[in-house]
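Trainee: Here it is, the structure in full.
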Amino acid sequence: AVLPLAGPGPNHAVDDPFTASRAQWFRDARFGMFIHFGGYSQLEGEYQRSDGSTCQDAEWIMNKCKIPTADYERLVKSFNPAQFDAKAVVATAKAAGQKYIVITSKHHDGYAMWPTKVNKWNLRDHSAFDKKRDVLAELKAEADRQGIRFGLYYSTWDWHDPDARSTQNFARYKARMRAQLVELIDNYDPALLWFDGDWDTDNPPNPWTKQDGAELERFLKAKDPDLLINNRISKRAPGVKERRVVDGDFGTPEQTFPAAPIDGQLWESCMTIPSKWGFAKWDKNFKSATTLTRNLVDIASRSGNYLLNVGPDKLGRIPQPESDRLRAMGSWLAQHGDAVYGASVASWVADPAWGAVSRKGDKLYLSVYDWSNSLHLKVLEQFDVTGARVLNSPQTVTVTKAGDGYDVKPSGAKTNDVATVIELTVRGEQ
Ligand code: FHN
174 AVLPLAGPGP
184 NHAVDDPFTA
194 SRAQWFRDAR
204 FGMFIHFGGY
214 SQLEGEYQRS
224 DGSTCQDAEW
234 IMNKCKIPTA
244 DYERLVKSFN
254 PAQFDAKAVV
264 ATAKAAGQKY
274 IVITSKHHDG
284 YAMWPTKVNK
294 WNLRDHSAFD
304 KKRDVLAELK
314 AEADRQGIRF
324 GLYYSTWDWH
334 DPDARSTQNF
344 ARYKARMRAQ
354 LVELIDNYDP
364 ALLWFDGDWD
374 TDNPPNPWTK
384 QDGAELERFL
394 KAKDPDLLIN
404 NRISKRAPGV
414 KERRVVDGDF
424 GTPEQTFPAA
434 PIDGQLWESC
444 MTIPSKWGFA
454 KWDKNFKSAT
464 TLTRNLVDIA
474 SRSGNYLLNV
484 GPDKLGRIPQ
494 PESDRLRAMG
504 SWLAQHGDAV
514 YGASVASWVA
524 DPAWGAVSRK
534 GDKLYLSVYD
544 WSNSLHLKVL
554 EQFDVTGARV
564 LNSPQTVTVT
574 KAGDGYDVKP
584 SGAKTNDVAT
594 VIELTVRGEQ
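The numbering of the sequence shown is this note's numbering, which starts it at 174 and goes up by one.
Below you can see the structure in the form of structure tokens.
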């Protein structure tokens, strides 16, 4: 079949109207929940070697601790996340102010979190879990019920399937991978597919080619034209840290975010709350709610999304320190969400040292973290200020022309320790 040039198909120009309309929900959402949950969760970050020593890792434990496949299979056989509660997970995302969820359907260990018919290496056929349950179906149904978009992570890299490492048999692996992706689309209707393991140049010898990525993207979008797909479906350009869009719809910086918007591209920064993605009982260095909230504000002010990860334990529960931080972010967002949702870069002003500025329509949102200096706004393109207020506060705000921009002075002290938000109504040339 000949695919049309416009419409469904690989489309990497974010300004293209087709991509822009498909991506509108994503651009407005700004904040999502990533969930790393898989066979590795059963090990909770620790592996006892036969010599009695302990090796620690998390979702990479099979690879990093060099666990023989048979031993890993034996350990995962007792995986029983009986306390996975989709309603509670989605409620936590809602309470955090997150607008979408992306859960690992298959990580690098190849273990499928749904009852795939492609192999037996999955949560239905290889676990101690209730055979009638399907965590992806439960989460999808609950996300629909609570009005949250649903996305699936899928690792193209696979440590379990021998054909994934074999140049000779790679076509067989590709066929199985396609079959699994068709199952995922048909059964769970994801709004977004999040690929990983991007066969980059760091992992030779790798049979996957850039052409394979482009073909897969075309195949998936022909099946569902509304799908959003991240850039890791294909090889990334070597050495490009920000993980810009080469293929797919959006770039994926990881554990970091860029200092400015990425060339008009859609992007989403994914990040952990402690250090690892999957649950590890020793992993306790949690970022503070203040840091996480400011990251979100900074990211929105650079036109990006923040996909913040949780790693459920072997019973399927989101760790308390993670849900505590998410709830704290949600309570800040409940009062200051205008600075984030649907907001993007405020290109009329320079990035300030005291916080971040985002823009939505005729409003600028000044999120102030640091009050040690006066609030000066350096103007790059002229605009008039026709109104000003402090969100969630009766304070008045004085805005005066000063030097290369405006001085902004609220009538009182900060209203919030994470960030106080001043809203300016502006009128520009355009
Ligand atoms: O190796 C994975 C890692 O476990 C995790 O899934 C992250 C999430 O973006 N991606 C990979 C590394 O780039």
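Cβ coordinates follow ideal geometry from the N, Cα and C atoms, glycine included.
Taking only the alpha-carbon atoms, compute the straight-line gap between T464 and P398 and give it to the nearest angstrom.
Mentor: Roughly 37 Å separates the two Cα atoms.
Trainee: For W450, verify whether its CB is less than 6 Å away from any heavy atom of the ligand FHN.
Mentor: Yes, since a heavy atom of the ligand FHN falls inside the 6 Å radius drawn around the Cβ of W450.
Trainee: Quick check on the DSSP output: what are the complete alpha helix (DSSP H) runs of length 4 or more inside the region 356-412, in order along the chain?
Mentor: Within the region 356-412, the complete alpha helix (DSSP H) runs of at least 4 residues are 383-396.
Trainee: Using 7 Å as the limit for Cβ to Cβ distance, is G424 near chain C?
Mentor: Any reference to chain C falls outside this structure, which holds one protein chain only.
Trainee: Note the first and the last residue of the continuous alpha helix (DSSP H) segment covering T464.
Mentor: Start and end: A462 to A473.
Trainee: Taking the alpha-carbon positions, what's the K587 to W544 distance?
Mentor: Going by the C-alpha atoms only, they are around 8 Å apart.
Trainee: Quick one: what does DSSP say T265 is sitting in, helix, strand or coil?
Mentor: Three-state result, T265: helix.
Trainee: Taking buried to mean at least 16 other C-beta atoms within 10 Å of its own C-beta, is L400 buried or exposed?
Mentor: Flag for L400 reads buried.
Trainee: Compare the C-alpha of W198 against each of G477, T329 and D244 and name the closest.
Mentor: Of G477, T329 and D244, the residue nearest in Cα terms is G477.
Trainee: Tell me, to the nearest whole angstrom, how far the beta carbon of A129 is from that of S474; I am working on the premise that it is less than 8 Å.
Mentor: This structure cannot speak to residue 129, because the chain is shown only from 174 to 603.
Trainee: May I ask you to report which of helix, strand or coil DSSP gives Y245?
Mentor: DSSP places Y245 in helix when its eight states are reduced to three.
Trainee: Determine the burial state of S547: buried for a count of at least 16 other Cβ atoms within 10 Å of its Cβ, exposed for fewer.
Mentor: Answer is exposed; the Cβ neighbour count stays below 16.
Trainee: So the beta strand (DSSP E) Q221 belongs to, where does it begin and stop?
Mentor: It spans E219 to Q221 - the beta strand (DSSP E) in which Q221 sits, taken as one unbroken run.
Trainee: Please report the straight-line C-alpha distance between V418 and T569, rounded to a whole angstrom.
Mentor: When rounded, the distance between both Cα atoms is 43 Å.
Trainee: Just to confirm my understanding: we take W330, look at its own chain, exclude 5 residues before and 5 after, and list those with CB closer than 6 Å. What are they?
Mentor: The answer, listed in chain order, is H281 and G370.
Trainee: So what does DSSP say about P583, is it helix, strand or coil?
Mentor: Strand at P583.
Trainee: Please identify the residue among M350, R351, L325 and A348 whose C-alpha is closest to the C-alpha of A364.
Mentor: Comparing Cα-Cα distances from A364 to each of M350, R351, L325 and A348, the minimum goes to L325.
Trainee: Bridge partners for M444 per DSSP, in chain order?
Mentor: Partner(s): L481.
Trainee: Please confirm whether K260 and E315 have their CB atoms less than 7 Å apart.
Mentor: Yes.
Trainee: When burial is assigned at 16 or more other CB atoms within 10 Å of the CB, is N295 buried or exposed?
Mentor: Buried, by the Cβ-count rule.
Trainee: Where do the N-terminal and C-terminal ends of the beta strand (DSSP E) with Q229 fall, by residue?
Mentor: Q229 -> beta strand (DSSP E) spans T227 to Q229.
Trainee: Any chance the CB of C443 is under 6 Å from a heavy atom of the ligand FHN?
Mentor: Result yes, Cβ under 6 Å from the ligand FHN.
Trainee: Which residues share a DSSP beta bridge with S531?
Mentor: Answer is V518 and Y538, bridged to S531.
Trainee: In the DSSP assignment, what are the bridge partners of E596?
Mentor: In the DSSP output, where bridge partners are listed per residue, E596 has Y538 and R562.
Trainee: Using a Cβ-Cβ cutoff of less than 6 Å, which residues in the same chain neighbour V591 once the five nearest sequence positions on both sides are dropped?
Mentor: Taken in chain order, the residues that qualify are T463, T466 and W505.
Trainee: Starting from M502, trace the alpha helix (DSSP H) both ways and give me its first and last residue.
Mentor: Residues Q493 to H509.
Trainee: Taking Cβ positions, are I274 and I321 nearer each other than 7 Å?
Mentor: Yes, these two residues count as a Cβ contact at 7 Å.
Trainee: Quick check: does the Cβ of E602 come within less than 6 Å of any heavy atom belonging to the ligand FHN?
Mentor: E602: no, Cβ never under 6 Å from the ligand FHN.
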